[in-house]
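For reference, the structure is listed below as structure tokens.
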Amino acid sequence: MTVLAEDAVLTMTINGEADLLHVRSMLRAEAQRAGLTLTAETKLVTAGSELARNIVRYSTHGQGVASVERLHRNGRHGVRVEFRDDGPGIADVEQVMRDGYTTGDSLGLGLPGSRRLVDEFSIDSAVGRGTTVVIAQWSR
42 MTVLAEDAVL TMTINGEADL LHVRSMLRAE AQRAGLTLTA ETKLVTAGSE
92 LARNIVRYST HGQGVASVER LHRNGRHGVR VEFRDDGPGI ADVEQVMRDG
142 YTTGDSLGLG LPGSRRLVDE FSIDSAVGRG TTVVIAQWSR
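Counting the sequence shown from 1 gives a position; this note's numbering is that position plus 41.
Following this line, the structure appears as structure tokens:
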């Protein structure tokens, strides 16, 4: 695990299961620094944990990157997290965003569940070039 801070953006490499705890800790700390409610913090950490786990589970070598930054917009505070991997990519993003769709031995609730937990969610993926998911959670 490597954590780099650059212009208030924390970047952490995800190299395996052991890094999932570090991702959760980093998200929790940034949510608290941003002044998110406990509920908003918990939703961010839960969604982020699922997305980090997907990197370990589905990327080519179980590796990827999580970049976290605190946001300030229109008097509100939030946290934005980008999860990026160099995995095989997703052929049909619409399909994987449906509850119950899975390519493995899971319930198929991870990506759609993560989307429901956070205020902002975007996914960019293509076969052969990996996947990037960006989430954001805002103070109320």
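Backbone N, C-alpha and C fix where the C-beta goes; we use that ideal spot for every residue, glycine too. These figures come from a predicted structure and were not determined experimentally.
Alpha carbon to alpha carbon, how far is residue j from residue i? Give it in angstroms, no decimals.
{"i": "Glu-71", "j": "Glu-91", "result": "17 Å"}
{"i": "Asp-165", "j": "Val-175", "result": "9 Å"}
{"i": "Asp-60", "j": "Thr-101", "result": "16 Å"}
{"i": "Ala-93", "j": "Ile-55", "result": "7 Å"}
{"i": "Arg-170", "j": "Asp-126", "result": "9 Å"}
{"i": "Arg-117", "j": "Ile-131", "result": "33 Å"}
{"i": "Ala-107", "j": "Asp-133", "result": "23 Å"}
Residue i by DSSP, collapsed to three states: which one?
{"i": "Asn-56", "result": "coil"}
{"i": "Leu-77", "result": "coil"}
{"i": "Thr-101", "result": "coil"}
{"i": "Arg-111", "result": "strand"}
{"i": "Ala-49", "result": "coil"}
{"i": "Ala-72", "result": "helix"}
Can you tell me the Cβ-Cβ gap for residue i and residue j, rounded? I've got them flagged as a contact below 8 Å.
{"i": "Ala-88", "j": "Val-168", "result": "That belief does not hold up - the Cβ atoms of Ala-88 and Val-168 are roughly 24 Å apart, past 8 Å."}
So residue i is in the alpha helix (DSSP H); what residue range does that whole segment cover?
{"i": "Gly-151", "result": "151 to 158"}
In terms of residues, what are the limits of the beta strand (DSSP E) holding residue i?
{"i": "Val-168", "result": "Unbroken run through Val-168: none, as it is neither H nor E."}
{"i": "Arg-117", "result": "117 to 126"}
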